[in-house]
Structures are given as structure tokens and as C-alpha cells.
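First the structure, in the form of C-alpha cells, and then the observations on it.
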Amino acid sequence: MRWITRSTAAALLGAAAAVLWAPAHAVAGTGAAEPSVAYCGADRATGLAVSADGSVPCATALQVVDAYTKAASGTGDRRATVRVDGTAWTCMERQGDPNPYQECVDAGDSGRRIIVSS
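Going by the working numbering, the sequence shown opens with residue 5, and the numbers climb by one from there.
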């Protein structure tokens, strides 16, 4: 009976050692770099947080979100195209995990984006 207890304990210790010695990237994910996103402040109308990727100046992000808030208010439609400084931005609601958020994407360069979230 003692050998069963010892072999079970040895098996559990071996499993624990295997988990602890696993490479961090195998547990953490792919290791891909996250895009650079900056917090720009709160939208004046809604109080929601406005963030933008590194290629979008915060002043522009706040103007886009202000225009989007005005365009979407009262319509019930969470999708709108707004124009700021000659650039068209397509804004829409996206399903987050767990909460939805709004995203505005430069219509001419989909890599430029602005996020509005609570």
C-alpha cells in the first residue's frame, strides 16, 4: 500500500515539475508584439475612454470620436462614416470580451484605428 502512495506522489510531483518548467511563451500566447495604443482622454459627450494607435494623434482621435458621437446619437444606428481634416473614418460597434466597444478605422488606411470603450 505504501508503494502506491509513493508512486502517486512521485507522479504528481513529476506533473507539477513539467508544468512549472514549460516555456513561458507556450502558456502566455504567441509572443507577438501588441500594437502601440495610447490613451487620449475621455469623450466629452459620453465620458467613455478614447484610445488610438500610435499613428493617430490624440487630437485627431478626440475629434473623430466627437463627430462619431454626434452622427450616431439619436439614430439608433451604431455605424457611421465621419470626416475629420479631410480623412474619412468608418465607425461601428464591435463585440468585445465581455463588453462591446466602438472602433473607428481610417477608410483609406485600415491600420489606423481609434477605440472608444468604458
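Every residue gets a Cβ at the ideal spot worked out from N, C-alpha and C, and that includes glycine.
Helix, strand or coil for residue i? Go by DSSP, reduced to three states.
{"i": "A92", "result": "strand"}
{"i": "D47", "result": "coil"}
{"i": "H29", "result": "Residue confidence for H29 is low, a pLDDT of 28 falling below 50, so the modelled location carries little weight and cannot support an answer."}
{"i": "D70", "result": "helix"}
{"i": "P76", "result": "Checking the displayed sequence, the identity of residue 76 turns out to be Ala instead of Pro. Looking at A76 - three-state DSSP - the assignment turns out to be helix."}
{"i": "A111", "result": "coil"}
Rounded C-beta distance between residue i and residue j? I'm assuming under 8 Å.
{"i": "Y105", "j": "I119", "result": "6 Å"}
{"i": "R87", "j": "M96", "result": "That pair is no contact at about 16 Å."}
{"i": "V91", "j": "G112", "result": "The question names Val, yet the displayed sequence has Thr at residue 91. Rounded, the Cβ-Cβ distance is 7 Å, consistent with contact."}
{"i": "R116", "j": "V60", "result": "5 Å"}
Can you tell me which of the options puts its alpha carbon nearest to the alpha carbon of residue i?
{"i": "Y65", "options": "A76, S77 and V41", "result": "Per the sequence presented here, residue 65 reads as Ala, with Tyr not at that position. The option with the nearest alpha carbon to A65 is V41."}
{"i": "R48", "options": "R116, V109, T91 and T73", "result": "T73"}
{"i": "A56", "options": "A111, S122, T94 and E107", "result": "E107"}
{"i": "G51", "options": "G100, A75, D70 and T94", "result": "D70"}
{"i": "A75", "options": "S114, C44, N103 and T94", "result": "T94"}
{"i": "P102", "options": "S121, S114, A53 and A46", "result": "S121"}
{"i": "V109", "options": "V68, G100 and G45", "result": "V68"}
Assuming residue i is part of the beta strand (DSSP E), what are its boundary residues?
{"i": "D57", "result": "A53 to D57"}
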